[in-house]
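The working numbering applies: residue 9 is where the sequence shown begins, and numbers increase by one. Glycine included, C-beta positions come from ideal geometry on N, C-alpha and C. Below is one structure, written out as structure tokens; the observations come after it.
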Amino acid sequence: MNEQEAKKEIAQAKEELLEAKAKLKELSAKLKDLWDVMEKIEAAQGRLQKVEEKLFIESFGKKSFFDRIDNGKD
């Protein structure tokens with residue numbers, strides 16, 4: 009390999025390295041976006057669980073559908 013070929017190889021390798029770095033930066037940004045979405049999903053699931061628990065607890069304080077049916081037959 010002569011000096012001309014070596015310089016050409018070096019230039020090509022540098023170009024490929026720059027492309028790889030750009031792709032890595034792009035994928036890193038996408039990963040951050042996905043991470044943000046996952047955090048939002050987890051927060052929403054937590055809020056949903058709290059509401060479900062509250063509704064479940066409140067439902068014990070009220071007469072059930074079947075209790076109302078039984079009382080109506082008396």
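Express the C-alpha separation of E66 and E51 in angstroms, rounding to a whole number. Position 43 of the sequence shown, counted from the first residue, corresponds to residue 51. Position 58 of the sequence shown, counted from the first residue, corresponds to residue 66. According to the sequence shown, residue 51 is Ala rather than Glu. Roughly 23 Å separates the two Cα atoms.
Starting from the C-beta of D82, find all residues in its chain whose C-beta is less than 6 Å away, skip the five residues before and the five after it, and write them out in chain order. Position 74 of the sequence shown, counted from the first residue, corresponds to residue 82. Confidence is the limiting factor: at D82 the pLDDT is only 48, short of 50, which leaves the residue's position unreliable and the question unanswerable from this model.
Leaving out the 5 sequence neighbours to the left and right, which residues in its chain are closer than 8 Å to A23 when beta-carbon positions are compared? Taking the first residue of the sequence shown as 1, we reach residue 23 at position 15. It should be pointed out that residue 23 corresponds to Glu in this sequence rather than to Ala. Closer than 8 Å at the Cβ level, and outside the excluded window around E23, lies no residue.
Skipping 5 residues on each side, what residues in its chain have a beta carbon closer than 7 Å to that of N10? For the purposes of this step, residue 10 is taken as residue 2 along the sequence shown, with counting starting at 1. Once the five neighbours on either side are set aside, N10 has no close Cβ partner at all.
Whole-angstrom distance between E34 and K48, CA atom to CA atom: Indexing the sequence shown from 1 puts residue 48 at position 40. Indexing the sequence shown from 1 puts residue 34 at position 26. Distance between the alpha carbons of K48 and E34 is about 21 Å.
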